Amino acid sequence: MNSKSFQVANKSLETVLTAECRAPKVAIAPRDGRASARKSLGALFCAALLLPVCNQPQPRTPIADRETSPSQVNSIGSSGVFDAAFRQEILIDRARTTPQNGSEPEKQFRQLTTWLFYPVKKGFEGAGTEALPPEDGGSFPLVVFAHGLTGQPASYQGLLLSIAGAGYVVAAPDFPLTSGNTQGKVNTGDAPNQIGDLAFVIDQIEEFADRKHPLGPGVSTENVGASGHSFGAGTAAAIAHSACCSDPRVTASILYAGVDPRSHGFPGVPFDKAKPLLMIHGSLDNVDSALSVFREAKPPKLFLTLEEADHFRPYIYRDPSQEGHRGLTAEVSILFLDWLLKGKDKALAQLTALVEQNRSLGSLEIDR
0 MNSKSFQVAN KSLETVLTAE CRAPKVAIAP RDGRASARKS LGALFCAALL LPVCNQPQPR
60 TPIADRETSP SQVNSIGSSG VFDAAFRQEI LIDRARTTPQ NGSEPEKQFR QLTTWLFYPV
120 KKGFEGAGTE ALPPEDGGSF PLVVFAHGLT GQPASYQGLL LSIAGAGYVV AAPDFPLTSG
180 NTQGKVNTGD APNQIGDLAF VIDQIEEFAD RKHPLGPGVS TENVGASGHS FGAGTAAAIA
240 HSACCSDPRV TASILYAGVD PRSHGFPGVP FDKAKPLLMI HGSLDNVDSA LSVFREAKPP
300 KLFLTLEEAD HFRPYIYRDP SQEGHRGLTA EVSILFLDWL LKGKDKALAQ LTALVEQNRS
360 LGSLEIDR
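Residues in the sequence shown are numbered from 0 upward in steps of one, following numbering that gives the first Met the number 0.
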């Protein structure tokens with residue numbers, strides 16, 4: 000197998016980078032007490048870290064609002080099992096606030112425009128239709144994804160559609176204060192609140208079945224994967240591994256070009272939870288910093304170094320010189336998730352063999 004085997008099959012990524020978001024009826028549903036716990040935990044983070052952007056809103060009935068956009072379809076399934084589609088959900092957490100951000104006033108809620116990438120039957124064609132997961136596909140594990148600083152979920156569609164096409168539902172929220180869509184200046188002090196955002200998204204997806212949501216029957220939150228790029232990798236690391244704020248539903252993590260959470264305001268580091276970890280990093284990136292995080296994490300853990308790759312292009316851009324790196328990143332991610340979220344025992348050996356067969360693209364370190 001060579002780098003050509005990994006060429007991404009996305010023929011129309013540019014055409015789906017801007018999905019039209021309509022505003023149909025808003026569904027309002029009650030949630031359990033986890034939001035209140037997250038709100039209190041967020042306040043605790045603020046006291047510990049002395050972050051001025053945090054506050055303690057008055058208690059009120061936790062509700063969630065949801066708006067749905069039409070799905071878009073993209074034939075990219077890396078595993079060849081499914082095609083993949085995406086839809087947008089506007090999730091509003093009214094149990095927590097968005098801190099004041101420069102001239103932008105405090106908001107009494109947190110709005111998370113969340114992109115959902117999910118499998119559809121092979122050969123499905125047509126964008127703007129309500130594509131549904133295959134009824135005979137069983138239950139697809141959930142993976143949450145946190146974008147990087149000034150990033151957006153749309154930037155990672157190639158990677159996330161590949162994972163969805165292998166039989167996963169990927170949920171990628173647009174964070175209120177660190178996104179490219181942020182109103183006002185991007186605020187990294189909101190880092191602790193993003194951990195609660197990912198937990199809130201998992202809460203909402205758990206309730207899809209009760210709400211008769213189209214994805215309800217096809218998504219499983221029994222074993223959740225947390226993933227993220229750069230600054231977002233800090234969010235994923237915290238919700239997976241930290242003693243203070245890890246979520247028991249998250250059982251494995253993938254950190255793409257991850258920053259050192261200690262220098263970016265994320266609580267609960269070094270890693271205290273022995274959950275499986277995959278780190279993927281370019282050799283042209285700050286590898287030493289990433290390796291220091293990797294050394295502190297508890298096994299099982301894997302570190303994939305992408306040769307001659309930088310901080311962005313293996314995960315985001317459509318640079319022809321990076322096709323091999325992007326493909327290897329997607330395939331290694333899928334096999335890692337297959338091993339841990341689907342219980343496929345042979346997947347780890349397949350992952351190791353895959354990297355060995357593509358030594359010109361990357362090298363792998365494993366500590367089990």
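Note that CB positions come from ideal geometry on N, CA and C, so glycine has one too.
Small disclaimer: the values here were computed from a predicted structure and weren't measured.
Identity of the residue in the options nearest residue i by Cα
i	options	result
Pro299	Glu307, His240, Ser219, Ala208	His240
Ile279	Asn186, Leu360, Ala163, Ala237	Leu360
Tyr255	Phe265, Asn100, Pro313	Pro313
Ala153	Pro133, Ser178, Ser138	Ser178
Ser219	Ala208, Lys184, Gly227, Asp259	Ala208
Ala94	Val185, Ser362, Gly195	Gly195
Phe230	Lys211, Glu355, Val119, Gly188	Gly188
Val142	Ala308, His310, Ser161	Ser161
Leu277	Gly224, Asn100, Gly137, Lys121	Gly224
Pro140	Leu115, Gly166, Leu131	Gly166
Ala130	Ser138, Phe144, Val119	Val119
Leu305	Trp338, Arg86, Leu363, Gln107	Leu363
Val292	Thr234, Gln321, Val258, Pro319	Val258
Gln193	Pro175, Gln182, Gly183	Pro175
Phe265	Pro275, Asp173, Thr234	Thr234
Lys106	Val80, Gln182, Leu301, Asp246	Gln182
Thr113	Ile315, Gly323, Glu88	Glu88
Ala171	Arg86, Gly323, Leu334, Asn100	Arg86
Val354	Pro104, Leu327, Trp338	Leu327
Pro191	Ala145, Tyr155, Glu221	Ala145
Classification of residue i by the beta-carbon crowding that lies within 10 angstroms, buried from 16 upward
i	result
Asp202	buried
Tyr117	buried
Leu350	buried
Ala237	buried
Lys10	Annotation note: pLDDT 28 at Lys10 (below 50); position unreliable, coordinate value reported separately. With fewer than 16 other Cβ atoms within 10 Å, it is exposed.
Asp180	Sequence check: residue 180 is Asn here, not Asp. Asn180 comes out exposed.
Glu205	buried
Gly147	buried
Ala375	This structure cannot speak to residue 375, because the chain is shown only from 0 to 367.
Leu347	buried
Arg325	buried
Asp287	exposed
Asp344	exposed
Val169	buried
Gln356	exposed
Ala308	buried
Ser332	buried
Asp366	exposed
Glu210	Inspection of the sequence shows that residue 210 is occupied by Arg rather than by Glu. So Arg210 ends up on the exposed side.
Glu134	exposed
Leu303	buried
Gln321	buried
Pro260	buried
Gly342	exposed
Ala289	buried
Ser252	buried
Leu283	exposed
Arg358	exposed
Ala242	exposed
Ser102	exposed
According to DSSP, residues forming a beta bridge with residue i
i	result
Gln349	Beta-bridge pairing links Gln349 to no other residue.
Pro117	The identity of residue 117 in the sequence shown is Tyr, whereas the question assumes Pro. Bridge partners of Tyr117: Ala84.
Ala289	DSSP output for Ala289 lists no bridge partner at all.
Ser362	Thr304
Phe139	Val218
Leu158	The partner list for Leu158 (beta bridge, DSSP) is empty, contrary to what the question assumes.
Ile279	Tyr255, Leu303
Glu103	Asn100
Under the three-state DSSP convention, the category residue i falls into
i	result
Thr112	strand
Asn192	helix
Pro299	coil
Ala171	strand
Thr97	strand
Val258	coil
Asp92	strand
Ile333	helix
Ala145	strand
Gly150	strand
Leu131	coil
His324	helix
Gly164	helix
Pro313	coil
Arg367	coil
Residue-level contact to chain D via CB, residue i, 8 Å cutoff
i	result
Arg294	The chain inventory of the structure shown lacks chain D, comprising one protein chain alone.
Closer than 7 Å: residue i CB and nearest the ligand SAH heavy atom
i	result
Ala153	With respect to the ligand SAH, the structure shown offers nothing to examine, as it has no ligands at all.
TODO: Let me know the alpha helix (DSSP H) ranges lying completely inside the region 172-256, each 4 residues or longer, listed in chain order.
DONE: 190-205, 230-240
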